[in-house]
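Scroll down for the structure; my scribbles are underneath it.
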Amino acid sequence: MPDHKRASGSRSCRGTAYVLVLACSALIAVVGVAGVLAARVLRTSLHSHTDAAKARVGAQSAIESTLMEAANTIGWRTSAAAGPITTTPPNMQRLSVVASDPVDADLINSIQDPVDLVASAAAGETNQMASLRLTPTQTPMSCMNYGIIANGNIVFDGTQILLRQPVHSNGAISALGGSVIGADVSATGLITGITYQGSIAPLSPSVPVPNSSVVASYAKRGVKINYNSIAGAAIDKVLISPLANPYGASTSASGIYEIDCSNKPLTIKDSRIVGTLVITRCTLLVIEKNISWEPASPELPALVSDSPVEYKFDATDLSESAQNRNFNPPGTPYRGLTNSTQTDRMASVLRGVYFTSGNVNLSGGKPTFEGRLIVGGTLNIKASPVRVRRDIAETPMEGFIDHGPFLITPGTLRRAVN
0 MPDHKRASGS RSCRGTAYVL VLACSALIAV VGVAGVLAAR VLRTSLHSHT DAAKARVGAQ
60 SAIESTLMEA ANTIGWRTSA AAGPITTTPP NMQRLSVVAS DPVDADLINS IQDPVDLVAS
120 AAAGETNQMA SLRLTPTQTP MSCMNYGIIA NGNIVFDGTQ ILLRQPVHSN GAISALGGSV
180 IGADVSATGL ITGITYQGSI APLSPSVPVP NSSVVASYAK RGVKINYNSI AGAAIDKVLI
240 SPLANPYGAS TSASGIYEID CSNKPLTIKD SRIVGTLVIT RCTLLVIEKN ISWEPASPEL
300 PALVSDSPVE YKFDATDLSE SAQNRNFNPP GTPYRGLTNS TQTDRMASVL RGVYFTSGNV
360 NLSGGKPTFE GRLIVGGTLN IKASPVRVRR DIAETPMEGF IDHGPFLITP GTLRRAVN
């Protein structure tokens, strides 16, 4: 073969080899870049999965931590309503828990409403959320099992007691002056007298009753009535209700009104009350003559006070014509009826729960209660007869319940990525 042909073939082989080398180099470079990119993607994916796991665990832990602290009380609900419950650990960018009321968006107005918890946790670029609903559980305090209960001694003096519920004293009980007690009676101390028609149980265990902190709690929730606006220091011939405040322009949707008596007396007579009166610093609260009184809601007591109280109201009907007042105007029905006349008559009965942390006297008239009389001090009864009929509603109310733990509503635990 001629020399020039061999030279040409040699150059062709060397060119092909060069191209192959370049191609292989390019392929290796591409593979290398792809490997770097794949490593970066893998690293990013691993970080993302790690952040997601951190955020997911953080949200779950936040829910669990809140569950340990949550209590179905006005105090806890007020704190939770103030803003997010936030704690951010070092490995988190943000972690918060928000509580809300799914019924009416108001966490504070009712301890009966459920609570929704939503936890949000952020780590890296990942945000994880967890949520659930809590159902409040509570039982009435054991003192609510009694028609009459006092933390101090109870003295029956020349009276007849007609009760459908038992009587209890965390002190002693005595029946004087031929009193006839038509109820089961128990006391932590001794029971003296021989005119008990029901069972008697001296030396019984003490039964807890609320204290004055209940008064402070309700006072914070009430619309204030200026004591000086009450003519003659007597609530007389008036209607007080969620829609009616004869002593000011402001009304209370819940019917809770607070009166600070500034160490002066107060009398309530010949009136209709549909609401909760919170009476504080009163030298003596007297409830007399004809009174139709009930709370605006079965979740609320009728009276809470830190003052001594004297009941001497009568069983005679509250008459609109006699008092020259309409006590059931539109918006405040009596037994489902409203009108604009002054011809109705209403039973003189105290319905609901009546509580004072002070001493109580039932000194006159023929009082009828439909509910419970709870006394933080001593109780002396001379009025006769005294009737205490069990009220219909058994709804637990703040201050008179034992709070149990929240229950997680089945099927409400949710997790989400935001």
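Numbering (numbering that gives the first Met the number 0) for the sequence shown: 0 to 417. All C-beta atoms in this analysis are idealised placements derived from N, C-alpha and C, irrespective of residue type, glycine included.
Quick check: the Cα distance between residue i and residue j, rounded to an integer number of angstroms?
i       : j       : result
Val-285 : Phe-312 : 9 Å
Pro-366 : Asp-156 : 15 Å
Ser-296 : Tyr-195 : 35 Å
Ile-258 : Val-213 : 15 Å
Pro-207 : Ile-73  : 20 Å
Thr-191 : Ala-174 : 6 Å
Leu-265 : Ser-306 : 10 Å
Thr-408 : Thr-77  : 22 Å
Pro-241 : Gly-274 : 7 Å
Phe-354 : Thr-138 : 18 Å
Gly-410 : Gly-181 : 50 Å
Gln-59  : Arg-324 : 60 Å
Asp-50  : Arg-93  : 12 Å
Ile-160 : Ser-383 : 7 Å
Lys-381 : Pro-83  : 55 Å
Ala-233 : Gly-247 : 15 Å
Met-140 : Ser-95  : 34 Å
Ala-79  : Val-56  : 22 Å
Val-359 : Thr-65  : 42 Å
Ile-229 : Cys-260 : 10 Å
Val-154 : Ile-172 : 6 Å
Ile-239 : Ile-272 : 5 Å
Run through DSSP, which three-state label would residue i get?
i       : result
Thr-266 : strand
Gly-370 : strand
Arg-389 : coil
Asn-289 : strand
Val-35  : Unreliable placement is indicated for Val-35, whose pLDDT of 46 sits below 50; the coordinate value is still reported in the next sentence. DSSP places Val-35 in helix when its eight states are reduced to three.
Gln-127 : strand
Asp-50  : helix
Thr-77  : helix
Ala-233 : strand
Glu-319 : helix
Ile-190 : strand
Glu-298 : coil
Thr-122 : Just to set this straight, residue 122 is Ala in the shown sequence, not Thr. Strand at Ala-122.
Met-345 : strand
Gly-197 : coil
Thr-355 : strand
Leu-66  : helix
Which same chain residues end up closer than 6 Å to residue i when comparing Cβ atoms and leaving out the 5 residues on each side of it in sequence?
i       : result
Val-114 : Ala-98, Leu-133
Ser-130 : Val-117, Arg-413
Ala-415 : Met-128
Ala-149 : Ser-168, Val-374, Leu-378
Asp-419 : No answer is possible for residue 419: it lies beyond the span of the chain, which begins at 0 and ends at 417.
Glu-287 : Lys-268, Lys-311, Phe-312
Leu-317 : Asn-289, Ser-291, Met-345, Ser-347
Arg-220 : Ile-255
Leu-162 : Gly-146, Ala-182, Val-387
Gln-322 : Lys-236, Asp-269
Find out if the Cβ-Cβ distance for the pair residue i, residue j is shorter than 8 Å.
i       : j       : result
Ala-314 : Arg-350 : no
Glu-369 : Val-385 : no
Gly-170 : Gly-188 : yes
Ala-61  : Ala-120 : yes
Pro-135 : Phe-399 : no
Asn-71  : Ile-110 : yes
Ser-178 : Thr-158 : yes
Gly-363 : Val-308 : no
Ile-278 : Ser-304 : yes
Arg-334 : Val-352 : no
Leu-336 : Met-396 : no
Ala-81  : Trp-75  : no
Gly-176 : Gly-376 : no
Taking 8 Å as the limit between beta carbons, can you name the residues of its chain near residue i, skipping five residues before and five after?
i       : result
Asn-244 : Val-222, Ile-224, Thr-250, Ser-251, Tyr-256
Ser-320 : Gln-341, Thr-342
Give every residue of the same chain whose Cβ lies closer than 7 Å to the Cβ of residue i, excluding the five residues on either side of it in the sequence, and list them in chain order.
i       : result
Asn-262 : Arg-280, Thr-282
Ala-54  : Ala-120, Ala-121, Ala-122, Thr-125, Asn-126, Gln-127
Pro-100 : With the sequence shown as reference, residue 100 is identified as Asp, and Pro is not the correct amino acid for it. Leu-106, Asp-112, Val-114, listed in sequence order.
Ile-235 : The sequence given here has Asp at residue 235, not Ile. Within the same chain, Asp-235 has close Cβ partners Lys-268, Asp-269, Ser-270.
Cys-142 : Ile-148, Val-206, Pro-207, Val-208, Ile-373
Ala-218 : Glu-257, Val-277, Thr-279
Ala-33  : In this prediction, Ala-33 scores a pLDDT of 49, lower than 50, which makes its location untrustworthy; the coordinate-derived value is nonetheless stated afterwards. None.
Ser-203 : Ser-185, Ala-186, Thr-187
State yes or no: is the C-beta of residue i nearer than 7 Å to some heavy atom of the ligand NAP?
i       : result
Ile-255 : No copy of the ligand NAP appears in this structure; indeed no ligand is present at all.
Exercise. Count the CB pairs spanning the stretch 325 to 341 and the stretch 188 to 207 that are closer than 8 Å, and state whether there are at least three.
Key: no
Quiz item: Per the contact definition of three or more C-beta pairs closer than 8 Å, is the stretch 317 to 332 in contact with the stretch 397 to 412?
Solution: no
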